[in-house]
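**Student:** Supplied in structure tokens, the structure appears directly below.
2 protein chains.
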Amino acid sequence: MSFSPLISELVAALKCLPGVGAKSAQRMAFTLLERNRDGAMRLSEALHDAMEHVSNCEQCRTFTESKVCGICANPSRSESAQICIVESPQDILAIEQTSQFKGKYFVLMGHLSPIDGIGPSEIGLDILQTRLAEESIEEVILATNPTVEGEATAHYIGQMCKSHNIPATRIAHGVPVGGELEYIDGNTLTHAFSGRREF
Amino acid sequence: MSFSPLISELVAALKCLPGVGAKSAQRMAFTLLERNRDGAMRLSEALHDAMEHVSNCEQCRTFTESKVCGICANPSRSESAQICIVESPQDILAIEQTSQFKGKYFVLMGHLSPIDGIGPSEIGLDILQTRLAEESIEEVILATNPTVEGEATAHYIGQMCKSHNIPATRIAHGVPVGGELEYIDGNTLTHAFSGRREF
Numbered sequence: 001m002s003f004s005p006l007i008s009e010l011v012a013a014l015k016c017l018p019g020v021g022a023k024s025a026q027r028m029a030f031t032l033l034e035r036n037r038d039g040a041m042r043l044s045e046a047l048h049d050a051m052e053h054v055s056n057c058e059q060c061r062t063f064t065e066s067k068v069c070g071i072c073a074n075p076s077r078s079e080s081a082q083i084c085i086v087e088s089p090q091d092i093l094a095i096e097q098t099s100q101f102k103g104k105y106f107v108l109m110g111h112l113s114p115i116d117g118i119g120p121s122e123i124g125l126d127i128l129q130t131r132l133a134e135e136s137i138e139e140v141i142l143a144t145n146p147t148v149e150g151e152a153t154a155h156y157i158g159q160m161c162k163s164h165n166i167p168a169t170r171i172a173h174g175v176p177v178g179g180e181l182e183y184i185d186g187n188t189l190t191h192a193f194s195g196r197r198e199f
Numbered sequence: 001m002s003f004s005p006l007i008s009e010l011v012a013a014l015k016c017l018p019g020v021g022a023k024s025a026q027r028m029a030f031t032l033l034e035r036n037r038d039g040a041m042r043l044s045e046a047l048h049d050a051m052e053h054v055s056n057c058e059q060c061r062t063f064t065e066s067k068v069c070g071i072c073a074n075p076s077r078s079e080s081a082q083i084c085i086v087e088s089p090q091d092i093l094a095i096e097q098t099s100q101f102k103g104k105y106f107v108l109m110g111h112l113s114p115i116d117g118i119g120p121s122e123i124g125l126d127i128l129q130t131r132l133a134e135e136s137i138e139e140v141i142l143a144t145n146p147t148v149e150g151e152a153t154a155h156y157i158g159q160m161c162k163s164h165n166i167p168a169t170r171i172a173h174g175v176p177v178g179g180e181l182e183y184i185d186g187n188t189l190t191h192a193f194s195g196r197r198e199f
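Protein chains in written order, with UniProt numbering: chain A, 1 to 199; chain B, 1 to 199.
See below:
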């Protein structure tokens, strides 16, 4: 026995959400049907509108429904000569929450991964190349993730900056604030030592 | 800083799903935007169609988009003189997976809970009353959950059956198959002892 066609389809469709399996999808479908039909209708519209209208910012490649995203369109931001390279739009949110960085961003939407067929043009480095050549940029901050692929991507972009004579910096890797030394992995500790600064 | 309006709306709407908070909603929104726009469109349609068309079966109150659900409409099922009372449509699925029960169902869509304003008519007992009076039913199987409210609901329906001279039975409560006695709670063990049968 299975559910009626529309309910089966809803359960199947809910499984496209990350972290949602058969059981959770079932629970979600029935909870919405029983208790929150308005919320489900709102979700249906929000999904439709977002998928239909959200694309990438022409300048920084983050997700936005405008041609240019809020940060790139902000005049006080565009005066800045710093550009911060991140892997995903969520990274922008994390950095913005610190309120420390006042420059612009460039979102790779991934990282170099030749084995998966992701080369420089797939992560928008052709657009970045043009920006490096045309804009007056004083510093490129490489904030890709400290993973193997993230480091390789940072290295590649570092080389690009060098060819344009633009200084590139990498965010610091080390012991997280509030972390305890004895629980930190060796790799991070090595970074923390090699990146030590005068006190 | 926040996301663009359509993305913020999508994140907010995703939070209507049970078990999804701010962080998961964000992750879902970006995963769909990055990797599965087709899946998201399909989900949007599935949600819309299900919320629009799914209502309750006229006979057993389970969710269906037809007037009468698959089980109630099945001629081999409708010959049966047994009716099984469950709290939710998911309970039907659980029972159907055992392939043991060949009768019809009646779904309460909840349980009696006077403190929340849920009385007999809210869980469809007026419809059940009519069925008990009009159909030739030989046995009512009470399969509500073994909680305080579920037991109270079973008791109430048991009284209704008595007034119609229809025998009512309650599913057995006891040690789950594969369970170990030492880890079973006292209440369940008490049920297991009082419900013992000749070996």
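Each residue gets a CB set at the ideal place from its N, CA and C atoms; glycine is no exception. For clarity, every value in this text was computed on a predicted model and none was experimentally measured.
If we cut at 7 angstroms on Cβ distances, does B/T64 have a partner in chain A?
**Tutor:** Stepping through the second sequence from its first residue, residue 64 of chain B is reached at position 64. Chain A contact via Cβ: present.
**Student:** Would you kindly report the start and end of the unbroken alpha helix (DSSP H) that includes residue 203 of chain B?
**Tutor:** With chain B running from 1 to 199 in the structure shown, residue 203 of chain B is simply not present.
**Student:** State yes or no: is the beta carbon of B/S8 nearer than 7 angstroms to at least one beta carbon in chain A?
**Tutor:** Numbered from 1 along the second sequence, position 8 holds the residue referred to as residue 8 of chain B. No, no contact with chain A.
**Student:** At which residues does the alpha helix (DSSP H) containing B/C161 begin and terminate?
**Tutor:** Your numbering for residue 161 of chain B matches position 161 in the second sequence. Residues V148 to S163.
**Student:** Could you give the residue range of the alpha helix (DSSP H) that holds B/I7?
**Tutor:** Taking the second sequence and counting its residues from 1, the one referred to as residue 7 of chain B is at position 7. First-last of the alpha helix (DSSP H) with B/I7: P5 to L14.
**Student:** Quick check: A/H111 and A/E149, are their CB atoms within less than 7 angstroms of each other?
**Tutor:** Position 111 of the first sequence, counted from the first residue, corresponds to residue 111 of chain A. Position 149 of the first sequence, counted from the first residue, corresponds to residue 149 of chain A. Yes, the pair counts as a contact, with Cβ atoms nearer than the cut-off.
**Student:** Roughly how many angstroms lie between the CA atoms of A/S55 and B/A172, to the nearest whole one?
**Tutor:** Residue mapping note: residue 55 of chain A aligns to position 55 of the first sequence, counting from 1. Residue mapping note: residue 172 of chain B aligns to position 172 of the second sequence, counting from 1. Taking the straight line joining both Cα atoms gives about 57 angstroms.
**Student:** I want to see whether chain B comes within less than 7 angstroms of A/L112, judged by CB atoms only; does it?
**Tutor:** Counted from its first residue, the first sequence places residue 112 of chain A at position 112. False, the Cβ-Cβ gap to chain B never drops below 7 angstroms.
**Student:** How big is the Cα-Cα spacing for B/L132 and A/A13?
**Tutor:** Along the second sequence, one-based indexing puts residue 132 of chain B at 132. Along the first sequence, one-based indexing puts residue 13 of chain A at 13. Distance between the alpha carbons of B/L132 and A/A13 is about 38 angstroms.
**Student:** For B/I83, does the three-state DSSP call read helix, strand or coil?
**Tutor:** Position 83 of the second sequence, counted from the start, is the residue given in the question as residue 83 of chain B. B/I83: strand per DSSP, three-state reduction.
**Student:** In the structure shown, what three-state DSSP assignment does B/K104 receive?
**Tutor:** Here residue 104 of chain B is taken as the residue at index 104 of the second sequence, counted from 1. Looking at B/K104 - three-state DSSP - the assignment turns out to be strand.
**Student:** Let me check understanding here. Comparing Cα to Cα, which of A/A154, A/H164, A/E198 and A/N36 lies closest to A/T130?
**Tutor:** Sequence index remark: in the first sequence, residue 130 of chain A carries index 130 (1-based). Minimum Cα distance to A/T130 is reached at A/H164.
**Student:** What are the partner residues of B/N56, as DSSP defines its beta bridges?
**Tutor:** Locating residue 56 of chain B in the second sequence gives position 56, counting from the first residue. Partner(s): B/F63.
**Student:** Below 7 angstroms between beta carbons: does that hold for B/S24 and A/S44?
**Tutor:** Taking the second sequence and counting its residues from 1, one reaches residue 24 of chain B at position 24. Taking the first sequence and counting its residues from 1, one reaches residue 44 of chain A at position 44. For B/S24 and A/S44, no; Cβs fall outside 7 angstroms.
**Student:** Measuring CA to CA, which of B/V140, B/F63 and B/K15 is closest to B/M160?
**Tutor:** Counting from one through the second sequence, the residue named residue 160 of chain B turns up at place 160. The shortest C-alpha separation from B/M160 is found at B/V140.
**Student:** Bridge partners for B/E139 per DSSP, in chain order?
**Tutor:** The sequence position of residue 139 of chain B within the second sequence is 139, counting from 1. Beta-bridge pairing links B/E139 to B/Q82.
**Student:** At a Cβ cut of 8 angstroms, what residues of the region 28-47 of chain B count as close to chain A, listed as they run along the chain?
**Tutor:** Residues passing the 8 angstroms Cβ filter: M28, A29, F30, T31, L32, L33, E34, N36, R37, G39, A40, M41, R42, L43, S44, E45, A46 and L47.
**Student:** For B/S8, which option in A/Y183, A/G103 and A/A46 has the closest C-alpha, if you only look at C-alpha atoms?
**Tutor:** Looking up residue 8 of chain B in the second sequence gives position 8. When each option's Cα is compared against that of B/S8, the closest is A/A46.
**Student:** State whether the region 98-111 of chain A contacts the region 75-83 of chain A, with contact taken as three or more CB pairs (one from each stretch) at a distance under 8 angstroms.
**Tutor:** The region 98-111 of chain A vs the region 75-83 of chain A: in contact.
**Student:** Please report the straight-line C-alpha distance between residue 204 of chain A and A/T153, rounded to a whole angstrom.
**Tutor:** Any property of residue 204 of chain A remains undetermined from this structure, which presents chain A solely from 1 to 199.
**Student:** Using a C-beta to C-beta distance shorter than 8 angstroms, which residues of chain A count as neighbours of B/C16?
**Tutor:** Start at 1 with the first residue of the second sequence, and residue 16 of chain B comes out as number 16. By Cβ distance, chain A contributes L32, N36, G39, A40, R42 and L43.
**Student:** Out of B/F106, B/E198 and B/H48, which one is the CA nearest neighbour of B/C57?
**Tutor:** By one-based count along the second sequence, residue 57 of chain B stands at place 57. Nearest of B/F106, B/E198 and B/H48 to B/C57, Cα basis: B/F106.
**Student:** With DSSP run on the structure shown, which of helix, strand or coil describes A/S194?
**Tutor:** By 1-based counting over the first sequence, the position of residue 194 of chain A is 194. In the structure shown, A/S194 sits in a helix (DSSP, three-state: H, G or I).
**Student:** Answer with yes or no whether the minimum CB distance from A/A143 to chain B is below 7 angstroms.
**Tutor:** Translated into positions along the first sequence, residue 143 of chain A becomes position 143. A/A143 does not count as touching chain B.
**Student:** Measuring alpha carbon to alpha carbon, tell me which of B/I166, B/F30 and B/F193 ends up nearest B/S4.
**Tutor:** Here the question's residue 4 of chain B lines up with position 4 in the second sequence. The shortest Cα separation from B/S4 among B/I166, B/F30 and B/F193 belongs to B/F30.
**Student:** Under 6 angstroms Cβ to Cβ from A/P146, same chain only, skipping five residues before and after it: list those, please.
**Tutor:** For the purposes of this step, residue 146 of chain A is taken as the residue at position 146 of the first sequence. For A/P146, where only same-chain residues beyond five positions count, the Cβ hits under 6 angstroms are H173.
**Student:** Are the beta-carbon atoms of B/R37 and A/M51 separated by less than 7 angstroms?
**Tutor:** Counting from one through the second sequence, the residue named residue 37 of chain B turns up at place 37. Counting from one through the first sequence, the residue named residue 51 of chain A turns up at place 51. It is a contact, given that the beta carbons lie within the stated cut-off.
**Student:** Suppose the cutoff is 6 angstroms on Cβ atoms and the five residues either side in sequence are ignored; what does the same chain contact list for A/G158 look like?
**Tutor:** Stepping through the first sequence from its first residue, residue 158 of chain A is reached at position 158. Once the five neighbours on either side are set aside, the close Cβ partners of A/G158 are A168.
**Student:** Applying a beta-carbon distance threshold of less than 7 angstroms, which residues of chain A neighbour B/D49?
**Tutor:** If you number the second sequence from 1, residue 49 of chain B lands on position 49. The answer, in chain order, is L6.
**Student:** By alpha-carbon positions, which one of A/L189, A/R61 and A/G21 ends up nearest to A/S121?
**Tutor:** Sequence index remark: in the first sequence, residue 121 of chain A carries index 121 (1-based). Out of A/L189, A/R61 and A/G21, A/R61 has the C-alpha closest to the C-alpha of A/S121.
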